[in-house]
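Take a look at the structure set out below.
Numbering (the UniProt record's numbering), first residue to last: 1 to 400.
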């Protein structure tokens, strides 16, 4: 997901000794640095919500903490600081850290450190702090301006095989603007440790901590006891799993196709309601496709984990097709990119059904895994697919 607009207000304050110092919490003033404590950090940092002017930095701690970020345009001058607050209260006494930095410059490298101060005891009128963890200096890069080159890498259907990230990405220089995870990273959601061990840590290790990723929900992300907690760890827009954003000349729409079976299927124990959820998305999509920004975009990209075509006759695919396919056809989208079937396919436009190409990524097993690179440069927008041995399978020049 992208840009979770966590319901909290961000504060950006200069560390200048001349102005703004009085705005900082007292424990941050004076350049105080407590001893590093590696045991505080469980996972991260990992980057979310890439934008031209912002990024969200997340990490998970083993103990309740208060966290902040020091950052700047030089590794020797981390002269700005940001923390997160909600309704006037600084986010604290939690193990899930998420701090959004905005007001940034497009296509710019920034340097940062994460800091987390352990909260040992939180009484009404006295908080007892422990050690502070201070990370090494790391980097992130904001997305480039609209007219510049753009590159997105797309993975799908990893299905709890964390080794796949390294096996797929090892053949590629890590130069993506961000990685889009097009659903089914898991078989089901069990707990936080699964998110750490099977996605966040291995992906960051394989791709690099400086490349953001976006998690789009597949049908397997809706399963398991922890599925309803997934949003706390990954960023979306307005706290939704369907949303839109722009990158370079691309207007990108992400749809949440939900489950692949009918809501009353015994597997779901009466606890899902995806038919009405997809209807809700149809109403949103109708409005989205009328936006001037969408109509003016050179390329119109749609992601849906379950393809609207070439995915069998299950209820989920049929319902998605019935609701969304006519709208997408009328809107003259450039391409639909999906997963789910575990069979790679590049399907050319089919008049009357989908007047645009459909790309379906491969499956989780060796030799059928794929990486799709969506790259825009002076030659146009091209989707190139590689297998897990680094061999190119297809390359499609996408029409504007």
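C-beta: ideal position from N, C-alpha, C; glycine also.
Since we're looking at a predicted model, the values are computed, not measured.
query: Find the nearest neighbour of residue 100 within the set 271, 118, 69 and 352, judged by alpha-carbon distance.; result: 69
query: Please go through the segment 300-376 and give each complete beta strand (DSSP E) segment of 3 or more residues, from N-terminal end onward.; result: 335-338, 345-347 and 358-360
query: Leaving out five residues before and five after residue 180 in sequence, what residues of the same chain have Cβ atoms less than 6 angstroms from its Cβ?; result: 152, 154 and 214
query: How should residue 171 be labelled, buried or exposed, when 16 other C-beta atoms within 10 angstroms of its C-beta is the threshold for buried?; result: exposed
query: For residue 374 versus residue 306, is the C-beta spacing smaller than 9 angstroms?; result: no
query: Which of helix, strand or coil does DSSP assign to residue 271?; result: coil
query: For residue 341, is the classification buried or exposed, using 16 other Cβ atoms within 10 angstroms of its Cβ as the cut-off for buried?; result: buried
query: Which residue spans inside the UniProt domain "Purple acid phosphatase N-terminal" (48-119) form an unbroken beta strand (DSSP E) run of at least 3?; result: 55-72, 80-86 and 92-101
query: Do residue 397 and residue 385 come within 9 angstroms of each other at the CB atom, strictly closer than that value?; result: no
query: When the Cα atoms are used, what is the spatial distance from residue 59 to residue 44?; result: 4 angstroms
query: Touch check for the segment 225-237 and the segment 283-297: three-plus C-beta pairs under 8 angstroms?; result: no
query: From this set, 295, 201 and 261, which residue's C-alpha is nearest residue 312's C-alpha?; result: 261
query: I'd like to confirm the pairing. Which residues does DSSP put opposite residue 247 in its beta bridges?; result: 250
query: Excluding sequence positions up to five away, which residues of its chain have a Cβ less than 7 angstroms from the Cβ of residue 94?; result: 64
query: Grab the span of the alpha helix (DSSP H) containing residue 193 for me, first residue to last.; result: 192-195
query: Look at residue 205 and residue 166 and say whether their C-beta atoms are less than 9 angstroms apart.; result: yes
query: Rounded to the nearest angstrom, what separates residue 223 and residue 272 at their Cα positions?; result: 10 angstroms
query: Quick check: the segment 126-140 against the segment 110-117, are at least 3 beta-carbon pairs closer than 8 angstroms?; result: yes
query: How long is the line joining the alpha carbons of residue 203 and residue 225, rounded to whole angstroms?; result: 23 angstroms
query: Which residue from 276, 336, 292 and 322 puts its Cα closest to that of residue 304?; result: 336
query: Below 8 angstroms on the Cβ atoms is my guess for residue 394 versus residue 346; work out the distance and round it to an integer in Å.; result: 5 angstroms
query: Under DSSP, the beta strand (DSSP E) around residue 166 begins and ends at which residues?; result: Run containing residue 166: none in the beta strand (DSSP E); it sits in the alpha helix (DSSP H), 163-169.
query: On the DSSP letters alone, give me the boundaries of the beta strand (DSSP E) that residue 201 sits inside.; result: Taken as a continuous stretch (DSSP letters only), residue 201 belongs to no beta strand (DSSP E), being part of the alpha helix (DSSP H) at 201-207.
query: Pull up the distance between the alpha-carbon of residue 281 and that of residue 75, whole angstroms please.; result: 44 angstroms
query: Out of curiosity, what's the CA-to-CA distance linking residue 103 and residue 255?; result: 28 angstroms
query: Given a cut-off of 9 angstroms on the beta-carbon distance, is the pair residue 109 and residue 140 in contact?; result: yes
query: Looking only at its own chain, which residues have a Cβ that is under 6 angstroms from the Cβ of residue 323, when we skip the five neighbours before and after it?; result: 278 and 282
query: Can you check whether the CB of residue 251 is closer than 9 angstroms to the CB of residue 297?; result: yes
query: So residue 164 and residue 364 are supposed to be a Cβ contact under 8 angstroms. How far apart are they, rounded?; result: 7 angstroms
query: Quick check on residue 232: does DSSP put it in helix, strand or coil?; result: helix
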